[in-house]
Amino acid sequence: MEVFKNVLCPFCGCCCDDLEVEVDSNKIINVKNACALGRGKFLSIGEHRLLKPLVKVDGELVETDLEKAVEKTVEMIKNSSYPVFYGFGCASCEAIKLCLEMADLSGGLADNISVVCHGPTILGLQDMGIPSATLGQIRHRADLIVYWGCNPVEAHPRHTIRYGPLSSGRFVTGRKSRRMVVIDVRKTPTATMADVFMQVKPNSDFEILTALRALVNDLDLEVEEVDGVPVAKLEELADMMINAKFGALFFGLGLTMSYGKEHNIEAAIALVRDLNKKTKFVMIPMRGHFNVTGANEVFTWQTGYPFCVDFSMGYPRYNPGETSAVDVIARGECDLLFIIGADPCSHLPHYIVERLKNVKLVVLDPSITPTVKMADVAIPVAYVGIEASGTAYRMDGVPLQLRKVVDPPPGILSDVDVLNRIVRRLK
Amino acid sequence: MSGKLLIKNGFVFDPVNGVDGEIMDVAVENGRIVEDVRGTDVRVIDATGMVVMPGGVDVHSHIAGSKVNSGRALRPEDHYRDYEIRRPGLRSGVGYTVPSTFVTGYRYARMGYTTVIEPATPMLKQRHTIEELNDIPIIDKASFPLMGDCWFVMEYLEKNMLKECAAYAAWLLKALKGYALKIVNPGGLESWGWGRNVRGLDDNIPGFNLTPREILRGLCKVNQMLNIPHPIHVHANRLGQPGNYQTLIETMDCVRDLYNGTKPVIYLTHCQFNSYLGESWIELSSGAPEVADYVNKHPHVVIDIGQVIFSSATTMTADGPFQFQLHLLTDYKWVNADVECETSAGVVPFKYKKRSYVHAIQWITGLELALLIKDPWRVFLTTDHPNAGPFTEYPRVVGWLISRKAREATMKKVNARALKRTMLDSIDREYNLYEIAIVTRAGTAGILGLKSKGHLGVGADADMAIYDFNPRNIDLSRDYKLVRRALRRAAYTIKTGDIVCVNGEIVKSTEGAILWVNPSVSQDLENAVVSDIRRRFRDNYTVEFENYLIDESLLINSRPLKIKGGV
Ligand code: SF4
Ligand SMILES: [Zn+2]
Chain A
0 MEVFKNVLCP
10 FCGCCCDDLE
20 VEVDSNKIIN
30 VKNACALGRG
40 KFLSIGEHRL
50 LKPLVKVDGE
60 LVETDLEKAV
70 EKTVEMIKNS
80 SYPVFYGFGC
90 ASCEAIKLCL
100 EMADLSGGLA
110 DNISVVCHGP
120 TILGLQDMGI
130 PSATLGQIRH
140 RADLIVYWGC
150 NPVEAHPRHT
160 IRYGPLSSGR
170 FVTGRKSRRM
180 VVIDVRKTPT
190 ATMADVFMQV
200 KPNSDFEILT
210 ALRALVNDLD
220 LEVEEVDGVP
230 VAKLEELADM
240 MINAKFGALF
250 FGLGLTMSYG
260 KEHNIEAAIA
270 LVRDLNKKTK
280 FVMIPMRGHF
290 NVTGANEVFT
300 WQTGYPFCVD
310 FSMGYPRYNP
320 GETSAVDVIA
330 RGECDLLFII
340 GADPCSHLPH
350 YIVERLKNVK
360 LVVLDPSITP
370 TVKMADVAIP
380 VAYVGIEASG
390 TAYRMDGVPL
400 QLRKVVDPPP
410 GILSDVDVLN
420 RIVRRLK
Chain B
0 MSGKLLIKNG
10 FVFDPVNGVD
20 GEIMDVAVEN
30 GRIVEDVRGT
40 DVRVIDATGM
50 VVMPGGVDVH
60 SHIAGSKVNS
70 GRALRPEDHY
80 RDYEIRRPGL
90 RSGVGYTVPS
100 TFVTGYRYAR
110 MGYTTVIEPA
120 TPMLKQRHTI
130 EELNDIPIID
140 KASFPLMGDC
150 WFVMEYLEKN
160 MLKECAAYAA
170 WLLKALKGYA
180 LKIVNPGGLE
190 SWGWGRNVRG
200 LDDNIPGFNL
210 TPREILRGLC
220 KVNQMLNIPH
230 PIHVHANRLG
240 QPGNYQTLIE
250 TMDCVRDLYN
260 GTKPVIYLTH
270 CQFNSYLGES
280 WIELSSGAPE
290 VADYVNKHPH
300 VVIDIGQVIF
310 SSATTMTADG
320 PFQFQLHLLT
330 DYKWVNADVE
340 CETSAGVVPF
350 KYKKRSYVHA
360 IQWITGLELA
370 LLIKDPWRVF
380 LTTDHPNAGP
390 FTEYPRVVGW
400 LISRKAREAT
410 MKKVNARALK
420 RTMLDSIDRE
430 YNLYEIAIVT
440 RAGTAGILGL
450 KSKGHLGVGA
460 DADMAIYDFN
470 PRNIDLSRDY
480 KLVRRALRRA
490 AYTIKTGDIV
500 CVNGEIVKST
510 EGAILWVNPS
520 VSQDLENAVV
530 SDIRRRFRDN
540 YTVEFENYLI
550 DESLLINSRP
560 LKIKGGV
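Protein chains in written order, with numbering that gives the first Met the number 0: chain A, 0 to 426; chain B, 0 to 566.
Have a look at this one:
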């Protein structure tokens with residue numbers, strides 16, 4: 000038996016890098032330190048596995064070999080008038096780079112799954128900036144931690160222990176020295192841990208944030224309550240924020256994807272920015288998939304833009320609302336969708352998935368997903384972070400290495416290897 | 000890095016070898032300068048009537064890593080009007096103040112620059128910096144880890160454990176593939192963890208029993224003990240504040256006694272931002288004469304100017320408290336990015352306007368520094384890209400240095416009150432090309448300790464720039480626009496013997512190397528320090544020790560420099 004230490008968990012944006020994976024004859028038999036989600040991923044890689052490349056012949060998916068599948072993919076990209084490269088939440092940075100190169104070469108479009116999660120965070124950032132920090136700053140210093148519209152106990156299970164209220168740091172040690180606030184539309188398991196839980200009505204975040212900001216700036220509110228929340232309670236929270244030595248705001252899809260979207264984020268940024276005039280305050284988005292942050296980073300350094308990048312004019316163009324994958328599919332402009340590290344047929348809105356029926360679909364995935372089932376070409380790849388190495392970025396932008404602990408099933412390559420074969424033939 | 004090249008009949012400027020515009024041939028083989036080449040396979044470049052120099056070496060330019068990428072992400076408006084279209088073999092991308100990686104490499108090569116230093120990388124995010132450096136084509140590059148406010152460093156210095164601190168620094172440079180020690184606003188970054196700052200060299204740093212002066216002196220000693228080729232690279236306290244020239248001079252002076260008469264012991268970067276006289280913004284004036292006077296009298300100091308260009312800029316430094324103040328001052332958007340146990344960072348867009356009194360003072364201060372410091376080997380041309388302006392505007396700065404007329408043309412348009420309160424107008428000095436070659440390549444390569452760069456002697460890297468103007472037929476001062484144009488688009492850029500640029504167009508994209516240093520430490524000391532660090536690593540960081548290290552295989556083209564001496 001072999002034990003791999005310091006393994007990064009390729010599941011959520013926490014990117015816990017302290018896992019111990021026990022391997023016997025190329026089989027994972029145990030995973031230590033991970034939460035149930037992470038552990039589950041390591042232990043279930045054998046399930047629903049895509050083992051052979053598939054191509055669609057007369058409406059039916061039939062098995063083929065890698066060479067033919069690659070050949071077919073290259074031909075489809077070459078014949079496409081506007082290919083879209085999409086996904087990347089669960090791909091390594093190395094794979095993302097190759098897809099950007101393909102998009103650049105073919106005059107297509109590249110987009111990542113931020114478009115359906117933290118896209119509004121990016122738009123808010125581009126409008127106002129963002130006062131942020133790495134997670135360790137919070138562990139060492141934060142005496143106030145606010146979770147807004149997110150539920151780490153279920154979605155990022157080790158967040159509170161490694162980086163949040165239960166963590167222990169140099170200047171602030173442990174749960175007792177920190178105050179924890181949860182703001183959400185329902186009493187989540189995270190909320191039950193909090194010192195203060197503020198339940199808000201769905202889609203009222205913008206109003207609440209704006210009211211809080213007014214209070215932080217010592218303005219009087221001429222009302223008794225804001226969207227059902229008593230002003231007295233908001234005052235209490237504003238005081239907590241001002242009086243914190245170091246405050247941190249974590250926010251999730253409850254804020255980015257509810258009514259108002261980027262306006263909610265802008266209101267949150269304005270609040271945290273103003274708090275910095277009185278104390279120290281930072282904010283960090285709770286990114287979902289383990290490398291969606293990396294997708295934004297690679298997109299940005301290669302093209303200047305974090306997502307929604309169109310190459311049809313021969314250079315990177317960016318105009319979310321026009322150049323997102325969702326936009327071009329909705330407008331029926333895309334004739335080929337190349338997917339890696341995502342399962343859009345389960346995640347994209349239904350009307351978009353309907354549109355995909357008229358679009359050629361190439362999918363690289365380790366397992367048989369709903370998207371694979373709709374594909375014209377599906378190529379099996381290794382699970383990156385388990386069967387292949389690479390780079391990923393944690394939710395706070397800390398880059399980390401994905402480690403290979405077992406070999407993929409026979410004949411299956413890493414996504415980088417498959418992409419290299421495709422790119423070589425496109426040049 | 001292949002064939003044989005012969006560059007014939009150019010006016011060669013090679014200050015390291017004392018060559019001042021003589022007509023000479025330069026021969027290249029296998030990526031290096033050689034005595035002579037022969038054979039039928041020699042490619043001849045006719046440089047008759049052109050200027051031949053070593054490739055440009057930029058000692059301080061923010062081109063890669065986490066905060067640079069934050070700047071890119073923050074500013075779509077910076078990219079919209081400035082882009083590069085994909086061409087066969089080349090990638091597309093965008094500018095302007097924070098260009099994408101490919102464009103960064105192309106644009107430097109276009110100007111005849113072949114080596115560029117990213118001067119501030121947070122160690123925890125070094126993998127990011129390396130990933131971007133890998134994606135910057137053609138040029139060689141290196142990065143300086145931000146060590147000044149690093150907890151391990153501060154703890155060793157607190158306890159006066161200099162040898163251990165040196166061993167730690169050595170290990171860090173080696174483990175993370177860094178090139179030199181960077182110190183930014185010493186003590187101020189740790190204070191910024193609490194939203195505060197330090198006010199001067201002798202303030203106590205919250206949470207530590209240590210002062211900025213002790214950090215500077217400690218790391219300066221460490222640097223000497225390890226024999227690191229570049230001196231400590233310092234962004235002084237109180238950057239961007241009125242009256243800060245005194246702090247700058249105190250910073251220079253605080254390591255004066257450590258100079259042993261050989262090489263400079265401290266490098267002060269973008270000094271323009273630290274050379275302000277006056278009690279407030281209204282009274283702001285240039286402290287460059289005072290600073291220059293100090294530098295002229297003290298050979299232990301080297302600086303670069305950080306020249307302001309009247310254009311848009313993106314300010315980005317590890318100086319979190321400064322960036323926040325700038326945000327408050329301008330109300331422009333603001334990114335803050337503190338890094339646990341190490342540093343902070345901030346990004347704020349900016350625009351330098353000719354009519355603004357303060358901006359005019361800044362422009363004047365930079366030029367006064369360059370013109371009043373007598374020894375070109377100790378003052379270098381930078382814009383602290385993209386803080387005071389983009390690197391693509393270096394030719395404009397050269398224009399101001401070589402031509403009083405060029406300065407006058409700009410002075411006509413800048414704030415008149417600022418001119419009246421400063422002495423720029425009374426300075427007649429004009430750089431010659433020999434001096435330009437020093438402040439843009441020979442001197443910078445020298446202070447970086449890059450022995451095979453910045454000159455054209457036999458054995459040097461075949462990195463060269465050929466500019467299409469005839470220095471004997473023109474008057475630099477009068478024809479500065481012609482020079483400026485020629486510098487913007489090199490007739491040829493040669494990188495490691497490859498012709499990568501012809502007439503300002505990239506003709507070949509190559510992989511530049513990442514340079515890093517590997518200092519010597521006795522095995523026992525290294526083992527002791529590494530096990531100490533490893534033991535305490537989890538207490539400090541949210542990542543595991545092993546995941547903090549950068550394996551050499553991550554560097555596409557790795558070029559380590561083994562350093563002799565050490566502890
Ligand atoms: S919290 Fe996220 S990264 Fe950490 S072990 Fe659980 S799933 Fe993996
Ligand atoms: Zn700088």
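Glycine included, C-beta positions come from ideal geometry on N, C-alpha and C.
On a predicted model such as this, the values are computed, not experimentally measured, just so you know.
Within 7 Å, strictly: CB atoms of B/V433 and B/D19: Sequence index remark: in the second sequence, residue 433 of chain B carries index 434 (1-based). Sequence index remark: in the second sequence, residue 19 of chain B carries index 20 (1-based). Inspection of the sequence shows that residue 433 of chain B is occupied by Tyr rather than by Val. Yes. Within cutoff.
Partner residues on chain A for B/G92, Cβ-Cβ distance less than 8 Å: Residue mapping note: residue 92 of chain B aligns to position 93 of the second sequence, counting from 1. Chain A residues near B/G92: Q301, T302, G303, Y314, P315.
Any non-hydrogen atom of ligand 1 within 6 Å of A/L36 CB: Numbered from 1 along the first sequence, position 37 holds the residue referred to as residue 36 of chain A. A/L36: yes, Cβ under 6 Å from ligand 1.
CB contact check: A/L134 to chain B, cutoff 7 Å: Position 135 of the first sequence, counted from the start, is the residue given in the question as residue 134 of chain A. Look at A/L134: its C-beta is under 7 Å from a C-beta on chain B.
Contacts that A/D17 makes with chain B (C-beta to C-beta distance below 7 Å): Position 18 of the first sequence, counted from the first residue, corresponds to residue 17 of chain A. E543, listed in chain order.
For B/P53: DSSP bridge partner residues: Here the question's residue 53 of chain B lines up with position 54 in the second sequence. DSSP lists B/M463 as partners of B/P53.
Near-chain C residues of the stretch 270-291 of chain A - C-beta to any C-beta below 9 Å: Any reference to chain C falls outside this structure, whose protein chains are A and B.
Local Cβ density within 10 Å of A/Q198, reported as buried at 16 or more and exposed below that: The residue labelled residue 198 of chain A in the question sits at position 199 within the first sequence. Counting C-beta atoms within 10 angstroms of its own C-beta, A/Q198 has fewer than 16 neighbours from the protein chains shown and is therefore classed as exposed.
Beta-carbon gap between B/S279 and B/Y244 smaller than 7 Å: Here residue 279 of chain B corresponds to residue number 280 of the second sequence, with the count starting at 1. Here residue 244 of chain B corresponds to residue number 245 of the second sequence, with the count starting at 1. No, they are not a contact pair.
Residue-chain proximity (B/I84, chain A), Cβ-Cβ < 7 Å: Start at 1 with the first residue of the second sequence, and residue 84 of chain B comes out as number 85. Yes, B/I84 lies at the interface with chain A (some Cβ there is under 7 Å from its Cβ).
Buried or exposed by the 16-neighbour rule on C-beta atoms within 10 Å, applied to A/H158: For the purposes of this step, residue 158 of chain A is taken as residue 159 along the first sequence, with counting starting at 1. Buried is the call here.
Separation of B/N546 from B/D538, as counted between CA atoms: On the second sequence, position 539 is the one that residue 538 of chain B refers to. On the second sequence, position 547 is the one that residue 546 of chain B refers to. If I take the Cα positions, the gap works out to 15 Å.
Within chain A, partners of B/H127 - CB distance below 8 Å: Translated into positions along the second sequence, residue 127 of chain B becomes position 128. The answer, in chain order, is E296, Y392, G396, P398.
Continuous beta strand (DSSP E) assignments of at least 3 residues falling wholly in the stretch 189-261 of chain A: As far as the stretch 189-261 of chain A is concerned, its whole beta strand (DSSP E) runs of at least 3 residues are 195-198, 245-250.
C-alpha gap between A/C14 and A/N419, whole angstroms: Counting from 1 along the first sequence, the entry for residue 14 of chain A is found at position 15. Counting from 1 along the first sequence, the entry for residue 419 of chain A is found at position 420. If you take the alpha carbons of A/C14 and A/N419, they lie about 26 Å apart.
Under the three-state DSSP convention, the category B/A436 falls into: Working through the second sequence from its first residue, we reach residue 436 of chain B at position 437. Here B/A436 sits in helix by DSSP.
Any non-hydrogen atom of ligand 1 within 6 Å of A/R157 CB: Indexing the first sequence from 1 puts residue 157 of chain A at position 158. Yes, the beta carbon of A/R157 sits closer than 6 Å to at least one heavy atom of ligand 1.
Touching by the beta-carbon criterion (3+ pairs, under 8 Å), the stretch 290-309 of chain A and the stretch 90-99 of chain A: Yes, they touch.
CB contact below 7 Å: B/P136 versus chain A: Your numbering for residue 136 of chain B matches position 137 in the second sequence. Not closer than 7 Å to any Cβ of chain A, the Cβ of B/P136 fails to qualify, so no.
Rounded straight-line distance, which links the Cα of B/G30 to that of A/S80: Position 81 of the first sequence holds residue 80 of chain A. Position 31 of the second sequence holds residue 30 of chain B. Those two C-alpha atoms are separated by around 42 Å.
Within 7 Å, strictly: CB atoms of B/D303 and B/H59: Counted from its first residue, the second sequence places residue 303 of chain B at position 304. Counted from its first residue, the second sequence places residue 59 of chain B at position 60. Cβ atoms of B/D303 and B/H59: closer than 7 Å.
Closest by C-alpha distance to A/E19, when choosing among A/K40, A/I121, A/A33: Along the first sequence, one-based indexing puts residue 19 of chain A at 20. Ranking A/K40, A/I121, A/A33 by Cα distance to A/E19 puts A/A33 first.
Rounded Cβ spacing between B/E34 and B/V457 (contact assumed at less than 8 Å): Here residue 34 of chain B corresponds to residue number 35 of the second sequence, with the count starting at 1. Here residue 457 of chain B corresponds to residue number 458 of the second sequence, with the count starting at 1. Between the beta-carbon of B/E34 and that of B/V457 there is about 6 Å, and that keeps the pair under the 8 Å contact cut.
Whole-Å CB distance - B/V338 paired with B/M315, under 8 Å assumed: Position 339 of the second sequence, counted from the first residue, corresponds to residue 338 of chain B. Position 316 of the second sequence, counted from the first residue, corresponds to residue 315 of chain B. Not quite, the Cβ-Cβ distance comes to about 14 Å (not below 8 Å), so this is no contact.
Short-range partners of chain A found in the stretch 50-83 of chain B, where Cβ spacing is below 7 Å: If the cut-off is 7 Å between Cβ atoms, the stretch 50-83 of chain B has S65, N68, R71, A72, L73, P75, H78, Y82, E83 near chain A.
Inter-residue Cα distance where the pair is A/D219 and B/R403: Working through the first sequence from its first residue, we reach residue 219 of chain A at position 220. Working through the second sequence from its first residue, we reach residue 403 of chain B at position 404. A direct Cα-Cα distance of roughly 59 Å separates A/D219 from B/R403.
Distance cut-off 6 Å: A/D416 Cβ against heavy atoms of ligand 2: As a position in the first sequence, residue 416 of chain A is number 417, starting the count at 1. A/D416 Cβ: outside cutoff for every heavy atom of ligand 2.
3-residue-minimum beta strand (DSSP E) runs that sit fully inside the stretch 378-437 of chain B, ordered along the chain: Counting whole runs of 3 or more residues, the stretch 378-437 of chain B contains no beta strand (DSSP E) stretch at all.
Test item: CB-CB of A/N111 and A/F306 under 7 Å: Here residue 111 of chain A corresponds to residue number 112 of the first sequence, with the count starting at 1. Here residue 306 of chain A corresponds to residue number 307 of the first sequence, with the count starting at 1. For A/N111 and A/F306, yes; Cβs fall inside 7 Å.
Any non-hydrogen atom of ligand 1 closer than 6 Å to B/F379 Cβ: Position 380 of the second sequence, counted from the first residue, corresponds to residue 379 of chain B. Flag unset: Cβ of B/F379 not near ligand 1.
Contact list for A/S131 against chain B, beta-carbon separation under 8 Å: Counting from one through the first sequence, the residue named residue 131 of chain A turns up at place 132. Against chain B, a Cβ distance below 8 Å from A/S131 picks out V334, N335, A336, D337.
B/D252 beta carbon near ligand 2 (any heavy atom closer than 6 Å): As a first step, residue 252 of chain B is located in the second sequence; it is residue number 253 there, counting from the start. Not so, every heavy atom of ligand 2 lies at least 6 Å from the Cβ.
For B/R484, the nearest candidate out of B/G503, B/I493, B/D497 (CA to CA): To locate residue 484 of chain B, count along the second sequence from 1; it is residue 485. Of the residues B/G503, B/I493, B/D497, the one whose Cα lies closest to the Cα of B/R484 is B/G503.
Residue range of the unbroken beta strand (DSSP E) whose run includes B/D252: In the second sequence, residue 252 of chain B corresponds to position 253, counting from 1. Taken as a continuous stretch (DSSP letters only), B/D252 belongs to no beta strand (DSSP E), being part of the alpha helix (DSSP H) at 244-252.
Length of the line joining the Cα atoms of A/L254 and A/R354: In the first sequence, counting from the first residue as 1, residue 254 of chain A sits at position 255. In the first sequence, counting from the first residue as 1, residue 354 of chain A sits at position 355. Each residue's Cα considered, the two are about 28 Å apart.
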